[in-house]
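Remarks on the structure that follows.
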């Protein structure tokens with residue numbers, strides 16, 4: 154019989170070919186304060202998922218499905234056939250900061266991300282306790298910054314599972330692979346997610 158499983162490392166980050174820590178850190182305490190201010194309960198998108206746009210297309214004032222979600226592919230049934238959902242998004246069009254974020258620390262973080270890569274839609278995302286996203290793939294990779302998390306919040310990409318601690322780290326995630334995020338913990342998870350415009 155194999156030795157007993159270990160559990161002391163499950164709350165740590167484990168890199169893979171599809172997810173890695175970047176050479177950039179943020180002040181997570183400042184992000185917590187701002188995220189709790191900006192991500193309100195009326196930002197709910199249903200089923201325990203909350204989103205608030207940080208960037209937008211210049212001059213746009215009304216958010217669309219594309220602004221909040223955008224194209225992804227899913228295998229919804231037992232045929233295992235992949236089908237597209239939601240409209241295609243031109244990530245390069247999201248060049249303007251939503252005005253209420255002007256002068257915020259979140260705006261500074263977005264500017265730092267833009268020095269790393271061409272950034273498209275950038276959003277504050279909230280995931281309620283005991284909640285999971287669909288198993289899907291996106292057209293572009295993403296940058297993830299955990300702000301509030303717990304050991305039960307996990308990121309699964311292809312066959313790799315890891316926790317992304319809210320310790321100021323910034324992560325590249327190649328979400329062109331099948332993936333999901335889940336919150337199996339008792340407290341809400343909050344993160345910044347930025348699409349890379351490729």
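Residue numbers (the working numbering): 154 to 351.
Every residue gets a Cβ at the ideal spot worked out from N, C-alpha and C, and that includes glycine.
Do residue 347 and residue 272 have their C-beta atoms within less than 8 angstroms of each other? Position 194 of the chain shown, counted from the first residue, corresponds to residue 347. Position 119 of the chain shown, counted from the first residue, corresponds to residue 272. Going by C-beta atoms, residue 347 is nearer than 8 angstroms to residue 272.
At what residue ranges does the stretch 206 to 280 contain a whole run of the beta strand (DSSP E), taking only runs of 3 or more? Listed in chain order, they are 225 to 227, 236 to 238 and 272 to 280.
Which same chain residues end up closer than 8 angstroms to residue 248 when comparing Cβ atoms and leaving out the 5 residues on each side of it in sequence? One-based indexing of the chain shown puts residue 248 at position 95. Cβ-Cβ distances below 8 angstroms link residue 248 to 208, 210 and 211 in the same chain, with the five nearest sequence neighbours on each side left out; the list follows chain order.
For residue 179, three-class secondary structure by DSSP: If you number the chain shown from 1, residue 179 lands on position 26. Coil, per DSSP.
Count the other C-beta atoms from every protein chain shown that fall within 10 angstroms of the C-beta of residue 344, then say buried if there are 16 or more, exposed otherwise. Locating residue 344 in the chain shown gives position 191, where the first residue counts as 1. Looking at its Cβ environment, which holds 16 or more other Cβ atoms inside 10 Å, residue 344 is buried.
Starting from the C-beta of residue 286, find all residues in its chain whose C-beta is less than 6 angstroms away, skip the five residues before and the five after it, and write them out in chain order. In the chain shown, the residue the question calls residue 286 occupies position 133. Exclusion of the five residues before and after residue 286 leaves 333 and 334 as the residues of its chain whose Cβ lies within less than 6 angstroms of its Cβ.
Relative to the alpha-carbon of residue 192, which residue among 323, 182, 276 and 165 has its alpha-carbon at the smallest distance? Locating residue 192 in the chain shown gives position 39, counting from the first residue. When only C-alpha atoms are compared, the closest one is 276.
In whole angstroms, what separates the C-alpha of residue 336 from that of residue 342? Taking the first residue of the chain shown as position 1, residue 336 is located at position 183. Taking the first residue of the chain shown as position 1, residue 342 is located at position 189. Their Cα atoms are separated by approximately 7 angstroms.
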